[in-house]
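Note that the protein sequences, when read in sequence, are chains S and H. The numbering used here applies: residue 1 is where the first sequence begins, and numbers increase by one. The numbering used here applies: residue 1001 is where the second sequence begins, and numbers increase by one.
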Amino acid sequence: MRLKDQFQFVRQNMKKNRTRLFMTILATAMSVAFLIVLASVGFGLHKSIVKETLERRIVTEIEVPGKEDENGGYKQLTDEDIAYFEKIIDVKAVTRRKSLQEYLFVTGNHEVFAQAVVAHMPSETKAGLELSKGRLPKAENEVVVGYHFVEELHPKDAKDDLYDERGQIKDEYRYKEDLIGQKISMNVIKLEEGKEVKEPIEVTVVGIRKQPTKEWNYDNIVFVSEGVLKQVEDFTGTPRGILKDSNNPDVEVPNIAADQYDQVKVYAKDMESVKNITNELEANNYPSYSVINELKDVNMMFTIVKTGLIFIGTIAILIASIGIYNTMTMAVTERAPDIGIMKAIGANPRTIKKIFLLESSYIGLIGATIGTLVAYGISFIVNFGLPLIIKQAFGEEPPEELTFSYIPITLPIISFLICYIVTILSGLRPAQRATKVDVLQAMRREV
Amino acid sequence: MITIKDISHEFEIGKKGNKTIIPVLKNVSFEVNKGEIVTIVGRSGSGKSTLLNLVSGFIRPKKGEIIINGVAISTMNESKFADFRIEHLGFIFQSFQLIPSMTAYQNVELPLILKGVKENERKHRTNEILQMVGLYDYKDHYPGELSGGQQQRVSIARALIVNPPIILADEPTGSLDSETEEDLLNFIITLNKELGITFLIITHDEKVSQIGHRTIELRDGRVLEEAYAYEA
């Protein structure tokens, strides 16, 4: 019997009890929709977290906090380590920063608190540093400020109503002039007999960094030179301008070497190289932290979650398969006389079995198709409606990137496969029974 | 064409531990030659239907051998015999055994579908055979919409559609009135003469037994006598 005719036959048979067929397909569709929607929550959260992680950080960035020593402790990284990192294959740049304190920067009538950091400009540029205005520093007292540095500059005599309802400085208090080329004072502080002593170091703003891509990313750091750092250390008498209170001798100022860095980041040429670089770093006792590492853990966790959700959804399909089994068993019983006639005129038992298996898989596939379409509909409604409900009910807006339900193409494929296997299994026994129909009994003949 | 060799068959009645064995056929042997119409007659319970069911392969003999066209069917598995049956045997049943949810056309076409014949060829042959049995105008009728004689003609058309060399008929006129019976018997004779189809017919109707070249009478599961209508 040709496959086309088998399909034709199955379609004809299925028309015989439309209500029962409808209910069976409905149960299958509901179970498949349940599986997909349930698992789509796992997929949606996974996608949101991956997206958020990738947007928050640069994929090729590897943070190296220090080096493990023989005693299991940590050692800050120095020029020697940096030189080694730069030699690793596929490393594009190695940025290193020395953090100073947070100082009050003053220009004319405006001021702002910001952290000063000594950055290695050539490597920062290689790693992708971009300016929105100005140029990179050339002289010792030239600085580059973060985008929000300008935004946060406010009048010294600002009143309590400095900020608007969004937490931003009101327009009338903002610094309106061009900051490029402006001289600003960096007020360095030291403690003498418990009293603050200020020393303004004059620096010139030559560049303003680009606005961070993410709204919540705040950048008001001031990149200063090694020369400025030296001026700070000369004034405070402590490394990195750490405040030393002579009235409190118990608090020791840490011994920080001049070539010691507080923040080192290795940038790989591309995403594929990150793993190799990370492996090499870790093999040489440099613990590292990258988005790829973070995602590896996230992916593992979500794989477990998604598998669990698919498993729970499969239980629903298994329950629906009872309906398919019942429908097929009834169909075999009802059609026993027809089966008997077909066998009598020469139908091969294999063909009969195939027809019934085809019928059960047909039910499964129609159910899976409807279920998948319904699941896409529910997913759309959930993604569209849930943020509105949350906003209405709790007065809070969920994060922009949050996807409550996401259905990747793999999910319907998995659901179809599960549904197909389950329906084939549930149709197997009735199909087997159909082949065993006794011709004489089915035709109610006397023997 | 058909060789029945020393066939014995019995039925077991009752449950395990309390079974009664009822012998139905006892060492039955005879042959049906190509192009012959052989009728098997006998009283109720003589074993004639069992004999036909054995030849049809619906049941397996406990003893003996059945050879059709040189092939021993009693040892064939069900799947192989199904393929053999559709090629070599056509069936006419007393109660027609048409599928009620199928039209006359679909019922006749069914063996070709099972055989895997292409749609165009099927259409041609089905229409042709329906013309032949005079039911072309009724092809879209369901069995319930046809008379007994018409249903039997559909049944014959279904049996003929695969051009089987042998047709097995079980009380073919049992559900027909005398006029229709006459028509059907004439049709069988025509088929036998024109197409050379061999018929093995089970009947208790004297009229039917008279169309046979040979009549075999069964009594208590044994061949009582063989009578020739004329020398073949």
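Built from N, CA and C at the ideal position, the CB exists for glycine as well. Values in this document were obtained by computation on a predicted structure and should not be read as measured data.
Exposure label - residue i; buried when at least 16 CB within 10 Å
i         : result
S:ILE312  : exposed
S:THR410  : exposed
H:VAL1055 : buried
H:ILE1013 : exposed
S:PRO430  : buried
S:PHE394  : exposed
H:PRO1143 : buried
S:ARG209  : buried
S:PRO137  : buried
S:MET271  : exposed
S:LEU162  : exposed
Backbone secondary structure at residue i - three-state DSSP
i         : result
H:LEU1052 : helix
S:ALA431  : helix
S:VAL91   : strand
H:ASP1170 : strand
S:THR147  : For the sequence presented, residue 147 of chain S should be read as Tyr rather than Thr. S:TYR147 falls in the helix class under three-state DSSP.
S:ASP171  : helix
S:ASN141  : coil
S:LEU131  : strand
S:LYS214  : coil
H:HIS1124 : helix
S:PHE416  : helix
S:GLU401  : coil
H:PHE1199 : strand
H:THR1215 : strand
S:GLU446  : At S:GLU446, the pLDDT of 37 sits below 50, so the modelled position is not reliable; the number obtained from the coordinates is stated separately. Coil.
H:VAL1117 : coil
H:ALA1232 : Model confidence at H:ALA1232 stands at a pLDDT of 41, short of 50, so the residue's coordinates are unreliable and nothing is read from them.
S:HIS110  : strand
Proximity below 7 Å, CB of residue i to CB of residue j
i         : j         : result
S:ILE370  : S:ALA29   : yes
S:ILE82   : S:VAL94   : yes
S:LYS244  : S:THR238  : yes
S:ILE184  : S:LYS198  : no
H:THR1173 : H:GLU1181 : yes
S:VAL118  : S:VAL232  : no
S:PRO200  : S:ASN217  : no
S:VAL206  : S:LEU179  : no
S:THR24   : S:ILE345  : no
H:LEU1130 : H:ALA1169 : no
S:TYR261  : S:LYS98   : yes
H:GLU1037 : H:GLY1148 : Rather than Glu, the amino acid found at residue 1037 of chain H in this sequence is Ile. Contact: no.
H:LEU1114 : H:ASN1107 : no
S:GLY42   : S:LYS306  : yes
H:LYS1005 : H:GLY1047 : no
Residue i, enclosing beta strand (DSSP E) - first and last residue
i         : result
H:ILE1068 : 1063-1068
S:GLY385  : Here S:GLY385 belongs to no beta strand (DSSP E); instead the alpha helix (DSSP H) covers 349-394.
H:THR1039 : 1037-1042
S:TYR267  : 263-268
H:LEU1025 : 1020-1032
H:THR1003 : 1002-1013
H:LEU1089 : 1089-1092
Bounding residues of the alpha helix (DSSP H) (the contiguous stretch that carries residue i)
i         : result
S:SER321  : 291-334
S:MET186  : Looking at the DSSP string, S:MET186 is not in any alpha helix (DSSP H); the run it does join, the beta strand (DSSP E), is 183-192.
H:PHE1096 : Per DSSP, H:PHE1096 belongs to no alpha helix (DSSP H) and is neither H nor E.
H:GLN1150 : 1148-1160
Proximal residues of chain H, C-beta to C-beta of residue i below 7 Å
i        : result
S:ILE341 : GLN1097 and ILE1099
S:ASP338 : ILE1099
Chain S residues whose Cβ lies nearer than 7 Å to that of residue i
i         : result
H:ASP1083 : ASN348
H:LEU1130 : Ordered by position in chain S, no residue passes the 7 Å Cβ test against H:LEU1130, which lies about 17 Å from the chain.
H:PRO1111 : ILE345 and GLY346
Proximal residues of chain S, C-beta to C-beta of residue i below 9 Å
i         : result
H:LEU1114 : MET1, ASP5, MET342, ILE345, GLY346, ALA347, ASN348 and THR351
H:PRO1143 : Those do not exist, as H:PRO1143 stays about 11 Å from chain S at its closest Cβ, beyond 9 Å.
H:ILE1086 : ILE345, GLY346, ALA347 and ASN348
H:ARG1158 : ILE345
Closer than 9 Å at the beta carbon, the chain H residues around residue i
i       : result
S:LYS16 : SER1101
Chain-ordered chain H contacts of residue i [CB-CB under 8 Å]
i        : result
S:MET443 : PHE1093, SER1095 and GLN1097
Contacts that residue i makes with chain S (C-beta to C-beta distance below 8 Å)
i         : result
H:ARG1043 : The premise fails here: H:ARG1043 is roughly 14 Å from chain S at the closest Cβ pair, so nothing lies under 8 Å.
H:PRO1061 : Within chain S, no residue comes near H:PRO1061; the closest Cβ sits about 13 Å away, beyond 8 Å.
H:SER1079 : ASN348, PRO349 and ARG350
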